[in-house]
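Residue numbers (my numbering): 709 to 1207.
This report concerns only the one structure given below.
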Ligand SMILES: Nc1ncnc2c1ncn2[C@@H]1O[C@H](COP(=O)(O)OP(=O)(O)OP(=O)(O)O)[C@@H](O)[C@H]1O
Ligand SMILES: [Mg+2]
């Protein structure tokens, strides 16, 4: 199947976000779409999949104009969108989401079974076939709302396949996945194209994966189609240049040296919780950036949460600036000067119906005990101090309308307005484009240079090695090794247990 987007235009509130974009997607091919945050990638995907209406232009399926006014129209034409947030019906089972979910109105939003429509034995067989085809191991009876995001994404993919989709658009499908799972997903995408002739659209900020998984790649910049070229003819540098329109600085900022007399801000001894974190010992001094590397599930995020008081340890001791913080609460840790930038922006970080400015102001308010009437002032200051330097575009719109990258920057900014002494950061640049990534790196380096102690967890080994003064590697809940700045990624990954 071929899907042609022709002259697609879209504006929000008078601002054009897509200018006459035309693009043809062919069955049997994996087609990449890249671009900086806010370039219009998700908007284009939502238009082709009926979630958003274009202002003008049309979508043609196999040469025939297709009126796509809703996701159901799109699905009827064989076009499905898989988002990172996971458009599932939480109250329904996995199987119901897969077989009914596409046309939610077929089912019942509250999750009651629709009688008389289903063939349970047939569904089980079909579910088994789909699971085998994709290699996903999901319990069909599980409540979809209880699944972690990664599995919700799998439900969406199964649903697309169950509904016979011939074009599947994946919007940043690997952003939340650990490397091995990301590789599996990309292999599946290739396989669905090659063996089943499905057209796959892959939107991603990971240029290396785009180049290796895709047949051709389209670059969007500021809502314009800059180029489409075979992946084999492209390099990451060429893609970057096309995305940004100028040569890009991708070097990490050199961290400022830590003064010899810098006090220990965070001290952790014998910290343990279940099997996730075992006997962790570490120190971070003022001005120091300590990286936590390791595979997903190695205990990095759990360690940060324990330090922050978000979870209770079974054993061990945490002190922040010499004051006990063991097993306290986030409020207690915040009182001692700690801030945690968590890994999942939508779930833990932002109130999506509020604007970025409001989110930033809210983060600064409790501490200063200010009431409603000074809010506008707090918002203005937050925008000036944080949103502008961070390049958050549209700080006054509801956060859900921001591009993924601006959301991530807002989460980050929310904690910066508190001027922390200890910054705990988990996956700071996930879903963030190269330029924004460099900004966030700069910001972390600047904070450290001003004396903030930083504990930085990331699954991107290059990121921890590039930013941190030293890197601790976690494996199975333990600190498995320590590397100085300048160590090789290969060595760190080996210690983490990847190779
Ligand atoms: N519902 C909306 N209301 C107003 N503006 C919107 C809405 N949805 C998107 N935008 C704006 O349209 C532009 C393109 O957004 P889009 O989400 O398509 O970008 P993107 O390329 O997917 O970015 P990212 O890489 O950050 O996910 C952005 O400036 C965004 O803020
Ligand atoms: Mg997007």
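Glycine included, every Cβ here is placed at the ideal spot set by N, Cα and C.
Computed from a prediction, not measured in an experiment: that's the story for all the values here.
Going by Cα to Cα distance, which pick from the options is closest to residue i?
i            : options               : result
residue 1208 : 773, 736, 717, 741    : Outside the displayed span of the chain (709 to 1207) sits residue 1208, for which this structure offers no information.
residue 770  : 709, 1031, 1195, 781  : 709
residue 741  : 829, 924, 1181        : 924
residue 1097 : 1134, 1059, 759, 1144 : 1144
residue 849  : 804, 872, 947         : 804
residue 1165 : 1046, 1012, 1189      : 1012
residue 843  : 871, 989, 896, 830    : 896
residue 1193 : 991, 960, 1154        : 960
residue 1102 : 1094, 1064, 1070      : 1064
residue 830  : 799, 1100, 1124, 870  : 870
residue 889  : 1197, 862, 926        : 862
residue 1092 : 964, 877, 1066        : 1066
residue 761  : 726, 940, 739         : 726
residue 653  : 1090, 721, 1197       : The chain is shown only over 709 to 1207; residue 653 falls outside these bounds and no answer can be derived.
residue 1191 : 1139, 1176, 1087, 943 : 1176
residue 983  : 1189, 1184, 722       : 1184
residue 1088 : 732, 1130, 1069, 1049 : 1069
residue 1142 : 1048, 1110, 1099, 808 : 1099
residue 884  : 737, 1167, 1186       : 1167
residue 970  : 993, 989, 963         : 993
residue 942  : 920, 928, 772, 734    : 920
residue 1162 : 1182, 966, 1111       : 966
residue 720  : 808, 1106, 891, 876   : 1106
residue 749  : 735, 731, 893         : 731
residue 1199 : 1169, 847, 1187       : 1169
residue 903  : 737, 827, 1187, 1111  : 737
residue 808  : 777, 1084, 864        : 864
residue 900  : 1130, 1178, 734, 1109 : 734
Assuming residue i and residue j make a contact with CB atoms under 8 Å, what is their CB distance in whole Å?
i            : j            : result
residue 973  : residue 1028 : 7 Å
residue 724  : residue 931  : 6 Å
residue 687  : residue 1135 : For residue 687 there is no data in the structure shown, the boundaries of the chain being 709 and 1207.
residue 906  : residue 874  : 6 Å
residue 950  : residue 934  : 5 Å
residue 1180 : residue 1016 : The Cβ separation is near 17 Å, so there is no contact.
residue 1246 : residue 978  : It is not possible to answer for residue 1246, since the shown part of the chain is limited to 709 through 1207.
residue 785  : residue 774  : 5 Å
residue 689  : residue 986  : In the structure as shown, the chain begins at 709 and stops at 1207. Residue 689 is therefore absent and cannot be evaluated.
residue 879  : residue 753  : 5 Å
residue 976  : residue 988  : 6 Å
residue 1033 : residue 1044 : 6 Å
residue 806  : residue 847  : Not confirmed; about 12 Å, so no contact.
residue 743  : residue 927  : 6 Å
Using three-state DSSP, classify residue i as helix, strand or coil.
i            : result
residue 789  : strand
residue 987  : strand
residue 1105 : coil
residue 1047 : strand
residue 716  : strand
residue 724  : strand
residue 1115 : helix
residue 1148 : helix
residue 862  : helix
residue 963  : coil
residue 766  : strand
residue 804  : helix
residue 993  : strand
residue 773  : strand
residue 952  : helix
residue 884  : coil
residue 1081 : Its pLDDT being 49, under 50, residue 1081 is placed unreliably in this model, and the value from its coordinates should be taken loosely. DSSP places residue 1081 in helix when its eight states are reduced to three.
residue 710  : strand
residue 851  : strand
residue 1138 : coil
Which one or two residues does DSSP pair with residue i in a beta bridge?
i            : result
residue 755  : Residue 755 pairs with nothing; no bridge assigned.
residue 1191 : 1179
residue 1160 : According to DSSP, which records beta bridges pairwise, residue 1160 is partnered with nothing at all.
residue 999  : 1164, 1179
residue 925  : 740, 937
residue 1027 : 975, 1032
residue 1197 : BP columns for residue 1197 are empty, so no partner.
residue 1133 : 1049, 1164
residue 907  : 875
residue 732  : 712
residue 981  : 985
Practice task
Tell me, please, whether the stretch 849-858 touches the stretch 758-778 by the rule of three or more beta-carbon pairs shorter than 8 Å.
Solution key: no
Practice task
Check whether the stretch 828-839 touches the stretch 777-792, taking contact to mean three or more Cβ pairs, one atom from each stretch, closer than 8 Å.
Solution key: no
Exercise for the section: Say whether the stretch 1115-1122 touches the stretch 1028-1043, bearing in mind that this needs 3 or more beta-carbon pairs closer than 8 Å, one atom from each stretch. Expected result: no
Exercise for the section: Decide yes or no for the touch test of the stretch 1188-1207 against the stretch 997-1006: beta carbon pairs closer than 8 Å, at least 3 of them. Expected result: yes
Problem - Sufficient close CB pairs (3 or more, under 8 Å) joining the stretch 752-761 to the stretch 1154-1164 - result: no
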